[in-house]
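In the working numbering, the protein residues as written are 1 to 624.
If you want it as structure tokens, here you go:
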């Protein structure tokens, strides 16, 4: 009977232990739901503070539809790996949104309703080979009204901005109205009467873009107040602005308004002094712009008397119709190498064309942040703006050219808790002495990049003006305004490092082996050349009629070369074999570490912790 009782008691204990284990598991799942530890090198699975703020600000549920063609992508491992990364990010965001994001993952089959829906949302399908399969890999979103957004296709080479793209889509579902942009300019951006041609001119192409995407409010250069509805103020060539206008700009920035400024040491579109009866009058007019008082308060140095000359980035320009185009060291073609690839505004833009640009620097001792967006090459220097004003041939700038070795900052993003540039206005009603939060400003030391001639060609098609961009100037401006019109949370989200991790050790091993392989191949080729030379010399020393007969010296030389050739080829095979063995050995070592050592380390730590607890318990019992 005692045995039966003990057996029953043991069984009951086991059941209770299982029930306790299950119960604790459920309790911990509830208590630590969503808890995680991100041990990746760049915190790839940790949402930025800006994204967290956007998710926490959701007032009503939104719907996200992640379209990915599982079957069509079966032979595309890179795409499938990235799709997993995208899906995990979306699931993480949905989990952090407290039920305000309804995420659906959809595999659109060919000729299905899901495929039609994806197309209707604006997603792009990529045809794969001759099979007729289409790959969908994008995101669509809707809100409770009629708001819709789409990320047409997630490109793996833009993984650094994945979080920003998704966060922006969510943000746009919450804010559906066109952002308001204020414009203050002394240039004829909106078109009008051109005194030089005595005709009406069309609006600039960049204005057409801005009017499609934003609500643009044109303000006068003598404005004294800036409407609170304006999210971004755009200053283009602000020449001799009145003090009241500058004070309005100062207070706008300190209130949290975003600002984008285009200055120029020599604005070619400036019509100051234009006189049809005296064409040379415009040459003597001042075409520079500056905001010295405000720039000083923002910790930015800019000299309107200096122009950047770059001999490596100069574009070919037709100066004289009767002559061939010449390289113009003032008209610069900036490429990806000169654009900040870590900033959403300038990343992935192929070409930006600028003309007679100035440059920016952070003021000495400034506590504010200045991040370059565009820079010159190091094959550059600066010259006086007076010199270029009367320059008939740009090649003159290259005759005594000496590069400084400095990459000059042409455009930059400035941020910080700026202080007012007008402390003497402290008695004004509502005056702010300092920004409550970090303000956002972008400054460009060129206005010509906005003009049509540097980035877009125009054609008349049956009365319609068609625009064809040949540079990314328009994309740059839209990116800048799009970024600045977003919430402060959205602006704070920056590019991240890619999750793709190259095997650097293996690559170094492979590179070293290839160098050795190439060196050995060169040695073999040199031996071959020397042997051919020696055989030719021996052949030339033969008597007439003996050309077809190999002499003993020739026979010995051929045999020696063949033996040397076999030896070198064996060395080449050994180099390749050694590389494979080194890589396999490295892989084996990693497998041993991952499969054996890590578990043993965990077990050892557990045993040590258990022993420590037993010692503490024993010490406590002895003390009692």
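Just so it is clear, CB atoms sit at the ideal spot from N, CA and C, and this is done for glycine as well. Quick caveat: nothing in here was measured; it's all calculated off a predicted structure.
Where residue 674 and residue 180 are concerned, what is the direct C-alpha to C-alpha distance, given to the nearest angstrom?
The requested residue 674 is not part of the displayed model; the chain covers only 1 to 624.
What's the call for residue 116, buried or exposed, on a 16-neighbour Cβ count within 10 Å?
For the purposes of this step, residue 116 is identified with residue 116 of the chain shown, where counting begins at 1. Exposed, because fewer than 16 other Cβ atoms sit within 10 Å of the Cβ of residue 116.
Measure the C-alpha to C-alpha separation of residue 259 and residue 309 and round it to an integer number of angstroms.
Here the question's residue 259 lines up with position 259 in the chain shown. Here the question's residue 309 lines up with position 309 in the chain shown. Distance from the CA of residue 259 to the CA of residue 309, rounded to the nearest whole angstrom, comes to 27 Å.
Can you tell me the Cα-Cα spacing of residue 338 and residue 376, whole angstroms?
One-based indexing of the chain shown puts residue 338 at position 338. One-based indexing of the chain shown puts residue 376 at position 376. Roughly 6 Å between the two C-alpha positions.
What does the alpha-carbon distance come out to for the pair residue 611 and residue 16?
The residue labelled residue 611 in the question sits at position 611 within the chain shown. The residue labelled residue 16 in the question sits at position 16 within the chain shown. For residue 611 and residue 16, the distance between alpha carbons rounds to 26 Å.
Taking the alpha-carbon of residue 108 as reference, which of 118, 99, 100, 57 has the nearest alpha-carbon?
By 1-based counting over the chain shown, the position of residue 108 is 108. Residue 108 has its Cα closest to that of 118, out of 118, 99, 100, 57.
Excluding five sequence neighbours on each side, which residues of the same chain lie with their C-beta closer than 6 Å to the C-beta of residue 621?
By one-based count along the chain shown, residue 621 stands at place 621. Nothing listed; no residue qualifies.
For the 8 Å Cβ check, are there 3 or more pairs between the region 369-389 and the region 414-421?
yes
Using only CA atoms, which one of 373, 95, 83 lies nearest to residue 476?
For this step, residue 476 is matched to residue 476 along the chain shown. When each option's Cα is compared against that of residue 476, the closest is 373.
With a threshold of 7 Å on Cβ separation, who are the neighbours of residue 398 within its own chain once the five nearest residues in sequence on each side are excluded?
On the chain shown, residue 398 is found 398 positions in, with the first residue counted as 1. Within the same chain, residue 398 has close Cβ partners 311, 329.
For residue 310, which three-state DSSP category applies?
Position 310 of the chain shown holds residue 310. Looking at residue 310 - three-state DSSP - the assignment turns out to be strand.
Taking only runs of the beta strand (DSSP E) that begin and end inside the region 55-121, which ones reach a length of at least 3 residues, in chain order?
62-68, 101-106
For residue 469 and residue 455, I'd like the C-alpha separation in whole angstroms.
In the chain shown, counting from the first residue as 1, residue 469 sits at position 469. In the chain shown, counting from the first residue as 1, residue 455 sits at position 455. Cα to Cα, residue 469 sits roughly 6 Å from residue 455.
Along the beta strand (DSSP E) that carries residue 189, what are the first and last residues, could you check?
Position 189 of the chain shown, counting from 1, holds the residue named residue 189. Neither: residue 189 is in no beta strand (DSSP E) and is coded neither H nor E.
Is residue 268 helix, strand or coil by DSSP?
For the purposes of this step, residue 268 is taken as the residue at position 268 of the chain shown. Of the three classes helix, strand and coil, the one that applies to residue 268 here is coil, per DSSP.
Would DSSP call residue 372 helix, strand or coil?
Locating residue 372 in the chain shown gives position 372, where the first residue counts as 1. Residue state, collapsed to three classes: strand.
Can you tell which of 361, 563, 102, 103 has the C-alpha that lies nearest to the C-alpha of residue 299?
The count along the chain shown starts at 1 and reaches residue 299 at position 299. The candidate whose alpha carbon is nearest that of residue 299 is 361.
Within its chain, find whatever has a CB closer than 7 Å to the CB of residue 94; leave out the 5 residues flanking it on each side and keep chain order.
Residue mapping note: residue 94 aligns to position 94 of the chain shown, counting from 1. The residues are 101, 103.
Suppose the cutoff is 8 Å on Cβ atoms and the five residues either side in sequence are ignored; what does the same chain contact list for residue 332 look like?
Residue numbering aside, residue 332 sits at position 332 when the chain shown is read from its first letter. Excluding positions up to five away in sequence, the list reads 308, 310, 313, 314, 315, 353, 354, 355, 357, 376.
Flag this pair as touching only if the region 444-452 and the region 383-393 have three or more C-beta atom pairs under 8 Å; answer yes or no.
no
Since residue 473 is in the alpha helix (DSSP H), which residue starts that stretch and which ends it?
By one-based count along the chain shown, residue 473 stands at place 473. Where residue 473 is concerned, the enclosing alpha helix (DSSP H) stretches over 473-484.
Tell me whether residue 245 sits in a helix, a strand or coil according to DSSP, three-state version.
Against the chain shown, residue 245 aligns to sequence position 245. Three-state DSSP puts residue 245 in a helix.
Please say whether residue 106 and residue 66 have beta carbons closer to each other than 9 Å?
Here residue 66 refers to the residue found at position 66 of the chain shown. Here residue 106 refers to the residue found at position 106 of the chain shown. Yes, the Cβ-Cβ distance between residue 66 and residue 106 is below 9 Å.
Over what stretch of residues does the beta strand (DSSP E) that includes residue 301 continue unbroken?
What you label residue 301 is simply residue 301 of the chain shown in a count that begins at 1. Under the DSSP assignment, residue 301 falls in the beta strand (DSSP E) whose first and last residues are 300-302.
Would you kindly work out how many angstroms separate the C-alpha atoms of residue 203 and residue 323, rounded to a whole number?
The count along the chain shown starts at 1 and reaches residue 203 at position 203. The count along the chain shown starts at 1 and reaches residue 323 at position 323. Their backbone Cα atoms lie some 32 Å apart in a straight line.
Leaving out five residues on either side along the sequence, give the residues of the same chain with a beta carbon under 8 Å from the beta carbon of residue 78.
Sequence index remark: in the chain shown, residue 78 carries index 78 (1-based). 156.
In its own chain, which residues sit with a C-beta less than 6 Å from the C-beta of residue 526, not counting the 5 before and 5 after it?
Taking the chain shown and counting its residues from 1, the one referred to as residue 526 is at position 526. If we look at residue 526 and ignore the five residues flanking it on each side, it has no Cβ neighbours.
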